[in-house]
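> Mind having a look at this structure? Questions to follow.
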Amino acid sequence: MEVKVLSSKLVKPAACNNGGATETEYIPLSIFDRVTFQMQMAIIYAFAPPAPSTAAIEKGLALVLGQYRAFAGQLGESPDGSPAVILNDRGARLVEASVDADLVDMAPAKPTPELLKLHPDLEGEQPLEEVVLLQLTRFRCGSLAVGFTSNHVVADGHATSNFLVAWGRATRGLPMGPPPVHHYHGLFKPRSSPRVEHDHRRREYHLPSPNDVVGHHGDAADNIVIHKAHFTKDFIAGLRADASVGRGRPFSRFETILAHLWRAMTRARGLGPEESSAIRLSVDGRHRLGKPAEYFGNMVLWAFPRSTVGDLLNRPLKHAAQVIHDEVARVDGAYFQSFVDFACSGAVQKEKLAPSAVLKDAHCPDVEVDSWLTFPFYELDFGTGSPSYFMPSYFPTEGMLFLAPSYIGDGSVDAFVPVFQHNLQAFKECCYSVE
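Numbers 45 to 479, taken from this note's numbering, label the letters of the sequence shown in order.
Spelled out as structure tokens, the structure:
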């Protein structure tokens with residue numbers, strides 16, 4: 045299917061919202077920004093006809109960028125040489141495109157390489173000049189696909205979802221809501237008597253080795269397929285009941301689904317019982333550190349539930365759910381403050397540590413998960429109603445799971461699961477089974 049690019053422009057923030065600033069301003073990258081993944085966050089929205097006009101979307105974008113200027117800036121350095129977001133109002137890249145086909149012809153049941161055509165072509169664009177890139181692709185049937193890409197170093201999923209909701213409200217002529225709260229020097233302070241109570245050297249950081257293999261290499265993606273698993277509300281209720289037997293308070297929907305997928309992936313991979321498997325899952329620190337929900341940037345650390353393969357597969361679902369629950373509970377306010385104490389101690393620079401959050405072709409025997417179950421992504425409304433569906437773009441990293449509410453809106457969940465082609469059939473056979 046051919047996507048025809050019609051135009052490409054920079055949409056700059058509405059001048060009336062930037063306070064009339066005449067000098068370039070900077071937002072210093074925080075200790076949380078510096079340990080997050082160096083990657084582009086890419087998602088796809090689809091809107092059924094009558095789709096909103098490009099003019100209305102662009103006007104709303106200019107307005108919201110006036111309030112969220114970090115998304116109209118560039119990554120660089122502040123005058124003192126430290127990494128920062130430069131608030132130079134460069135703008136967001138907006139590409140208009142069309143397809144001589146109906147959306148149903150392209151709307152896949154799972155992410156495929158075809159989805160990349162719904163984003164601006166990034167070939168030869170490293171490093172990217174803009175923090176945000178958008179593509180509006182209109183289909184013959186009148187539907188609209190919105191491909192949204194943003195730099196994860198500038199904002200995590202929580203902050204990005206706030207931006208998207210505000211964008212829709214600005215487009216509809218409504219108040220955008222509370223303005224974003226940005227990082228500044230001294231926001232995350234170590235205690236007067238720092239106490240490093242956790243092994244941050246081996247969790248958020250690691251000591252690089254010349255033998256480290258990171259990034260995407262060769263044709264590894266050719267052997268990976270992304271399976272979309274749809275879990276109905278009833279199926280999830282059954283899982284929760286099974287996992288929570290004998291427990292006063294049931295495990296959460298997230299804990300239960302992740303425990304189930306962890307076991308299903310482990311079984312499909314055919315791992316030996318003595319091998320160990322871990323999950324990397326993000327934990328939001330806003331509430332834990334007493335910071336506002338409007339904080340715009342990254343404020344995420346990770347929990348690392350771990351179990352042997354034998355225990356995962358031979359013990360009941362409750363075991364996996366409990367391991368996840370307990371490990372997330374450990375990443376509390378005290379844990380975040382311990383990280384602040386460590387990150388501000390100078391040990392990272394002295395010992396030449398590097399962030400452990402790196403991109404890989406495959407995570408086997410481990411798993412990584414991005415959960416979007418609580419983010420209001422479906423509240424992006426440009427004036428013609430909520431999107432008909434929403435999904436992550438094509439990201440072929442084996443073991444990198446994405447969880448999102450189903451577009452059906454009935455409490456069901458879609459899990460986007462990249463697996464090796466040779467493990468796909470085994471995964472399908474066990475991912476819909478309640479043991």
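Backbone N, C-alpha and C define an ideal beta-carbon position, used for all residues, glycine too. Given the structure is predicted, the values throughout are model-derived calculations rather than measurements.
Look at the Cβ atom of residue 164, then the Cβ atom of residue 137, and state whether they are nearer than 8 Å.
Going by C-beta atoms, residue 164 is nearer than 8 Å to residue 137.
> Got a sec, what are the start and stop residues for the beta strand (DSSP E) residue 89 sits in?
Residue 89 -> beta strand (DSSP E) spans 84-91.
> Cβ atoms of residue 45 and residue 158: under 8 Å apart, would you say?
Cβ distance < 8 Å, so residue 158 and residue 45 count as in contact.
> In or out: residue 465 buried (at least 16 other Cβ within 10 Å) or exposed?
Counting Cβ neighbours within 10 Å, residue 465 comes out exposed, since fewer than 16 surround it.
> What is the rounded straight-line gap between the Cα of residue 213 and the Cα of residue 393?
The straight-line gap from Cα to Cα measures roughly 43 Å.
> Judging by CA-CA distance, which residue of 49, 239 and 57 is the nearest neighbour of residue 109?
Residue 109 has its Cα closest to that of 57, out of 49, 239 and 57.
> With a cut-off of 8 Å on the beta carbons, I'd call residue 447 and residue 301 a contact; round off their distance for me.
Indeed they touch by this definition, with Cβ atoms about 6 Å apart.
> Please look up how many angstroms separate the CB atoms of residue 346 and residue 326, rounded, as I've assumed it's under 8 Å.
About 6 Å separates the two Cβ atoms, so the contact holds.
> Classify residue 291: buried if its beta carbon has 16 or more other beta carbons within 10 angstroms, exposed otherwise.
Its Cβ having fewer than 16 others within 10 Å, residue 291 is exposed.
> Excluding sequence positions up to five away, which residues of its chain have a Cβ less than 7 Å from the Cβ of residue 93?
Cβ neighbours of residue 93 beyond the five flanking positions: 185, 186 and 187.
> I need the straight-line Cα distance from residue 455 to residue 143, nearest angstrom please.
Residue 455 and residue 143: Cα-Cα distance of roughly 32 Å.
> From residue 457 to residue 411, what distance separates their C-alpha atoms?
Residue 457 and residue 411: Cα-Cα distance of roughly 18 Å.
> How long is the line joining the alpha carbons of residue 360 and residue 310, rounded to whole angstroms?
Taking the straight line from one Cα to the other gives about 14 Å.
> Measuring straight from C-alpha to C-alpha, what distance separates residue 71 and residue 113?
Residue 71 and residue 113: Cα-Cα distance of roughly 10 Å.
> Which residue marks the beginning of the beta strand (DSSP E) containing residue 73, and which one marks its end?
Here residue 73 belongs to no beta strand (DSSP E), and DSSP marks it neither H nor E.
> For residue 317, count neighbouring Cβ atoms within 10 angstroms of its own Cβ and tell me buried if that reaches 16, exposed if not.
Answer is exposed; the Cβ neighbour count stays below 16.
> Between residue 379 and residue 225, how many whole angstroms is the CB-CB distance? I'm expecting something under 8 Å.
About 22 Å; that fails the 8 Å criterion.
> So, at 7 Å on beta carbons, what are the nonlocal neighbours of residue 65 in its own chain, with the 5 sequence-adjacent residues on each side left out?
For residue 65, the predicted structure reports a pLDDT of 49, less than 50, and the residue's modelled location is therefore unreliable. A value from the coordinates is still provided. Result list for residue 65: empty, nothing under 7 Å.
> Do you know how far the Cα of residue 50 is from the Cα of residue 356?
So the two alpha carbons sit approximately 52 Å from each other.
> Could you name the residues of the same chain whose beta carbon sits closer than 6 Å to that of residue 282, not counting the 5 residues immediately before and after it, in chain order?
The residues are 478.
> Assign residue 266 to buried or exposed, taking buried as 16 or more other Cβ atoms, counted over all protein chains shown, within 10 Å of its Cβ.
Exposed, because fewer than 16 other Cβ atoms sit within 10 Å of the Cβ of residue 266.
> If you run the structure through DSSP and keep just helix, strand and coil, what is residue 137?
If DSSP states are grouped into helix, strand and coil, residue 137 belongs with the strands.
> Any idea if residue 372 is buried or exposed, counting beta-carbon neighbours within 10 angstroms, 16 or more meaning buried?
Buried, since its Cβ has 16 or more Cβ neighbours within 10 Å.
> Does the distance from the C-beta atom of residue 337 to that of residue 189 stay below 8 Å?
No, the Cβ-Cβ distance between residue 337 and residue 189 is not below 8 Å.
> If residue 297 sits next to residue 280, beta carbons under 8 Å apart, how far is it from one beta carbon to the other, in whole angstroms?
Confirmed, Cβ separation roughly 6 Å.
> DSSP state of residue 465, grouped into three classes?
Helix.
> Please classify residue 452: is it buried, with 16 or more other beta-carbons within 10 angstroms of its beta-carbon, or exposed?
Exposed is the call here.
> How far does the beta strand (DSSP E) with residue 346 in it reach, from first residue to last?
Per DSSP, residue 346 belongs to the beta strand (DSSP E) from 344-347.
> With a 10 Å radius around its C-beta and 16 neighbouring C-beta atoms as the bar for buried, classify residue 307 as buried or exposed.
Residue 307 is buried by the Cβ-count criterion.
> As a quick exercise: from 333, 231, 428 and 440, pick the residue whose alpha carbon is nearest that of residue 98.
Taking only the C-alpha atoms, the option nearest residue 98 is 428.
> Please report the straight-line C-alpha distance between residue 53 and residue 437, rounded to a whole angstrom.
Spanning the two alpha carbons is a distance of roughly 22 Å.
> Smallest Cα separation from residue 201: which of 274, 341, 96 and 82?
Minimum Cα distance to residue 201 is reached at 341.
> Secondary structure at residue 48, three-state DSSP: helix, strand or coil?
In the structure shown, residue 48 sits in a strand (DSSP, three-state: E or B).
> Are the beta-carbon atoms of residue 398 and residue 196 separated by less than 8 Å?
Cβ atoms of residue 398 and residue 196: not closer than 8 Å.
> If you follow the beta strand (DSSP E) that residue 268 is in, where does it begin and where does it stop?
Unbroken beta strand (DSSP E) run through residue 268: 268-275.
> What span of residues does the beta strand (DSSP E) with residue 412 cover, start to end?
Residues 411-415.
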